[in-house]
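The working numbering numbers the first residue of the sequence shown as 3 and each following residue consecutively. Down below is the structure, laid out as structure tokens.
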Amino acid sequence: LVRLLGRGRSVRLTGPAGSGRSSLLDAVAAACARLAPDGVVRLSGYGHQQPGELLYALYDAVYEAPRERPERDQLLARVRDIGAIVLLDDLEMGGAALDELLRATPECAYLLAATPDTRAPSDDSHLEEVFLAGLGRADCLELLEAGIGRALTEEETAWAADLRFASEGLPLRFVQAAALLRQRDERNRSRAEDEHDEPGVFDERPRDAEAVPLPTLAEAAAPAELLASRVSESARAALRIASALGGELPHHAHLPALVGDTHADAAVAELLGCGLLTAVGTRYRLAAGVLRQLEEAGYGDTAAEEARTAARHYAWWTGHASVTPERVAAEADAVLAALAGADVVAAVLLARTAAPAFAAARHWEAWERVLRSGAEAARKAGEVAEQAYFHHELGVLALCEGRLDRARAELEASIGLKGALADKRGTVAGRRALALVADREKAGVEVSPPLRLEPPAPAPAGGSAEAVTTALPPVAPTAPTAPTAPAVPAAPAVPPTTGTMRTTATTTPMTSVAPGNPLGPVNPVVPVIGRSESPANLTEVFEDAFPLTHKPAPQTAPATGYATAVAPRQRPRRKPALLAGAGALTVVALGTVMALAMSGSDDPQTPAGGGGAATSATPTPGASAPDVTETSGNVPAAGPGTPAPEASNPGSPESTLTPDPNQPPRPPTRKPVTPPPSPKPSSNGPKPPSPDPDPTTPPTTTPSPSPDPTPVTTTTPASPTATL
3 LVRLLGRGRS VRLTGPAGSG RSSLLDAVAA ACARLAPDGV VRLSGYGHQQ PGELLYALYD
63 AVYEAPRERP ERDQLLARVR DIGAIVLLDD LEMGGAALDE LLRATPECAY LLAATPDTRA
123 PSDDSHLEEV FLAGLGRADC LELLEAGIGR ALTEEETAWA ADLRFASEGL PLRFVQAAAL
183 LRQRDERNRS RAEDEHDEPG VFDERPRDAE AVPLPTLAEA AAPAELLASR VSESARAALR
243 IASALGGELP HHAHLPALVG DTHADAAVAE LLGCGLLTAV GTRYRLAAGV LRQLEEAGYG
303 DTAAEEARTA ARHYAWWTGH ASVTPERVAA EADAVLAALA GADVVAAVLL ARTAAPAFAA
363 ARHWEAWERV LRSGAEAARK AGEVAEQAYF HHELGVLALC EGRLDRARAE LEASIGLKGA
423 LADKRGTVAG RRALALVADR EKAGVEVSPP LRLEPPAPAP AGGSAEAVTT ALPPVAPTAP
483 TAPTAPAVPA APAVPPTTGT MRTTATTTPM TSVAPGNPLG PVNPVVPVIG RSESPANLTE
543 VFEDAFPLTH KPAPQTAPAT GYATAVAPRQ RPRRKPALLA GAGALTVVAL GTVMALAMSG
603 SDDPQTPAGG GGAATSATPT PGASAPDVTE TSGNVPAAGP GTPAPEASNP GSPESTLTPD
663 PNQPPRPPTR KPVTPPPSPK PSSNGPKPPS PDPDPTTPPT TTPSPSPDPT PVTTTTPASP
723 TATL
């Protein structure tokens with residue numbers, strides 16, 4: 003291994019759990035201390051499925067950059083220059099993730115320790131494969147003698163040979179077997195010493211007790227229960243806590259508070275000597291197979307209570323002012339294990355206090371895990387305020403990592419929850435974070451290019467023109483790009499719309515233009531910057547502002563030094579005419595409604611002399627009707643001197659219009675309407691009344707097609723109002 007690493011080759015060391023991979027890495031680290039310019043770096047891959055956190059750990063180990071977490075691009079640029087021998091224990095990733103790690107650090111030589119069930123690397127990884135097998139018979143006996151500190155007897159040697167055959171020479175089994183033999187020797191020694199003492203009054207121990215025999219082969223193959231029964235009470239309590247935390251053993255400084263014994267910190271050394279613990283980075287956890295054996299022995303019966311106790315202890319400890327974020331990050335696995343096994347109330351409290359510490363320690367993987375666990379616990383507990391906090395923090399984390407879509411979703415969820423609680427400060431904080439997301443999105447999006455015209459399709463002959471926006475003054479004459487560039491009719495002008503940009507055709511002087519055939523239609527220039535606003539009147543609604551099909555280009559006349567200006571596109575005239583007709587129908591309907599409303603009045607009305615009001619169906623002498631004249635924007639008001647028909651029959655309803663000397667003449671307010679190109683029948687309405695002051699017949703309505711919309715005067719019987 004040292005020879006391969008000295009040549010710059012990366013090696014993948016594969017061996018089963020308990021085969022001594024970590025001890026082998028210790029020996030390699032001592033032999034390779036001076037081979038690389040950046041020395042030897044020890045990393046732990048336990049729990050890492052992606053190379054991101056491993057690259058940050060390598061960066062922190064080589065560079066002196068406290069409280070700095072560079073961006074992804076800066077990180078890759080810096081780790082590329084690292085030249086070190088990296089010993090990565092407990093590797094759990096392979097395939098593309100492992101290839102990414104190797105490509106990111108081309109100057110590093112790796113010794114990767116993994117189990118056989120770990121995903122294999124890709125074929126392009128160029129890793130040297132080394133398989134770690136079990137120990138031979140002589141090595142097993144030597145390891146056993148070193149563990150007990152004496153030579154083996156013949157019975158113990160035969161027992162060790164059988165154990166070696168059953169365990170395939172796994173070193174962990176012989177470390178545990180040496181612990182069993184030590185405990186046996188201690189018990190036999192204590193009995194031998196007690197043989198010379200007189201039994202006490204309350205001593206129930208028989209004097210003829212037999213010596214402790216060798217453990218059976220089954221007990222030696224699964225020795226966790228037997229070993230745990232012979233350790234101290236504090237060590238057994240520590241094993242219960244580790245079983246409740248999924249195999250994670252808290253730091254020895256926490257054991258006195260968790261166990262309730264001031265000397266419980268010594269239990270770690272006791273359990274480590276028995277082979278029940280194994281080192282994982284800078285912490286310890288239960289050895290391979292020990293957790294299952296302890297659960298079968300009943301150590302997991304109090305797992306819920308132990309996990310709740312650990313969660314409450316860590317909630318107090320992580321929130322203490324004297325605890326640095328780095329210490330919390332070192333205890334991340336135990337904290338996350340306590341969070342997973344605790345009840346919802348304790349889990350919310352622990353996640354609330356541990357999340358800021360992980361963020362400050364730049365341990366973002368643990369930060370995300372604790373936030374998601376806290377959000378789920380808060381949802382189950384019904385803590386809406388805490389759930390909003392966790393979603394907000396998840397949005398901030400996604401923003402820091404550059405996942406803007408995820409950040410927006412989390413922040414919007416947080417704002418919704420805070421809005422339900424009427425939390426104004428929290429809502430403002432969420433909106434500020436959303437503003438940061440918007441700023442990052444704008445910074446990451448490329449600026450739109452300036453508005454340019456597409457070049458026309460090449461043709462044998464044609465013209466040339468430019469289309470510019472009317473927001474700018476006319477463009478100064480410019481020289482043509484080619485001496486024989488023909489003129490092309492400009493794109494159709496877009497009708498103006500309120501609040502938006504529009505384009506019109508503008509001619510550009512040319513030095514010399516040759517007449518030619520017009521080209522095909524070109525694409526109209528439609529600005530993409532700026533939002534459209536609602537139109538100001540109905541005419542703009544019905545106008546064809548954005549035609550789907552382009553009009554054929556008009557024929558161009560021969561130019562005499564300047565390009566011929568193209569006439570703008572004529573607006574359609576049918577729709578304004580239809581609009582005028584619709585207005586007339588509206589006026590007629592309004593007059594009818596008012597006539598019906600006034601006819602139902604209780605006060606009888608009679609025509610007044612000289613007034614312009616219409617008479618009702620049942621005239622009453624002596625009653626004068628008010629003079630009410632209504633005008634609209636499309637129909638001119640009646641002026642003085644307008645003749646009105648008189649009723650020949652007093653009993654028949656007639657409308658009379660007479661000049662009013664007190665009313666000044668009023669000019670018409672309707673704008674002139676351009677007649678349509680083709681005659682269209684106008685809306686059905688009565689013709690203007692005859693100028694005869696004393697008609698003998700009532701006015702009749704004769705519909706006739708008219709090419710031009712004209713003002714319409716509507717006479718309504720039994721109404722005091724003349725509607726024009």
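Glycine included, each C-beta is placed from N, C-alpha and C at the ideal position.
Inter-residue Cα distance where the pair is residue i and residue j
i       : j       : result
Asp-263 : Arg-238 : 12 Å
Ala-223 : Leu-274 : 18 Å
Val-589 : Met-600 : 16 Å
Ile-243 : Trp-369 : 23 Å
Glu-656 : Ala-582 : With a pLDDT of only 39 at Glu-656, under 50, the local geometry of the prediction cannot be trusted, and the value read off the model is given with reservation. If you take the alpha carbons of Glu-656 and Ala-582, they lie about 28 Å apart.
Glu-385 : Gly-418 : 14 Å
Pro-327 : Asp-335 : 14 Å
Ala-363 : Ala-331 : 6 Å
Glu-333 : Leu-216 : 39 Å
Glu-156 : Tyr-48  : 41 Å
Arg-774 : Gly-321 : Since the first residue shown for the chain is 3 and the last is 726, residue 774 is missing from the structure and cannot be characterised.
Leu-114 : Gly-421 : 50 Å
Asp-187 : Asp-83  : 55 Å
Glu-307 : Ala-19  : 30 Å
Leu-413 : Glu-403 : 15 Å
Ala-584 : Ala-597 : 20 Å
Glu-73  : Gly-54  : 11 Å
Asp-62  : Pro-68  : 8 Å
Leu-27  : Glu-443 : 46 Å
Arg-294 : Gly-376 : 28 Å
Glu-395 : Phe-360 : 12 Å
Leu-77  : Ser-127 : 22 Å
Ala-305 : Tyr-391 : 29 Å
Pro-258 : Ala-289 : 22 Å
Asn-190 : Glu-158 : 15 Å
Leu-134 : Pro-358 : 42 Å
Contact under 8 Å by Cβ, residue i with residue j
i       : j       : result
Ala-317 : Leu-260 : no
Ala-309 : Ala-356 : no
Glu-130 : Arg-11  : yes
Glu-272 : Ser-231 : no
Leu-145 : Leu-154 : no
Leu-89  : Val-30  : yes
Val-350 : Glu-298 : no
Ser-416 : Gly-397 : yes
Ile-87  : Val-42  : yes
Ala-162 : Cys-142 : yes
Thr-219 : Asp-267 : Per the sequence presented here, residue 219 reads as Leu, with Thr not at that position. The answer is no: Cβ separation not under 8 Å.
Leu-172 : Gly-136 : yes
Val-81  : Leu-60  : yes
Ala-323 : Leu-341 : no
Leu-296 : Ala-226 : yes
Cβ distance (whole Å) where residue i is taken to contact residue j below 8 Å
i       : j       : result
Ala-808 : Leu-229 : In this structure the chain extends from 3 to 726, so residue 808 is not present and cannot be described.
Val-132 : Leu-15  : 5 Å
Lys-382 : Val-346 : 5 Å
Trp-366 : Leu-399 : 7 Å
Leu-57  : Ala-111 : Actually they do not touch by this definition, with Cβ atoms about 16 Å apart.
Asp-92  : Val-282 : 6 Å
Gly-85  : Pro-39  : 5 Å
Leu-436 : Arg-410 : 7 Å
His-254 : His-315 : About 14 Å; that fails the 8 Å criterion.
Any chain D beta carbon closer than 8 Å to residue i
i      : result
Arg-71 : In the structure shown, chain D does not exist; there is a single protein chain.
Per DSSP, cross-strand counterpart(s) of residue i
i       : result
Leu-89  : Arg-44 and Leu-113
Leu-396 : Answer is none; Leu-396 lacks a bridge partner.
Ala-281 : Tyr-286
Leu-251 : Tyr-286
Arg-14  : Leu-114 and Glu-131
So, do the region 172-192 and the region 274-285 have three or more beta carbon pairs nearer to each other than 8 Å?
-> yes
Three or more C-beta pairs below 8 Å linking the region 146-154 and the region 241-258 | no
Can you find at least 3 beta carbon pairs, one from the region 91-101 and one from the region 111-129, that sit closer than 8 Å?
-> yes
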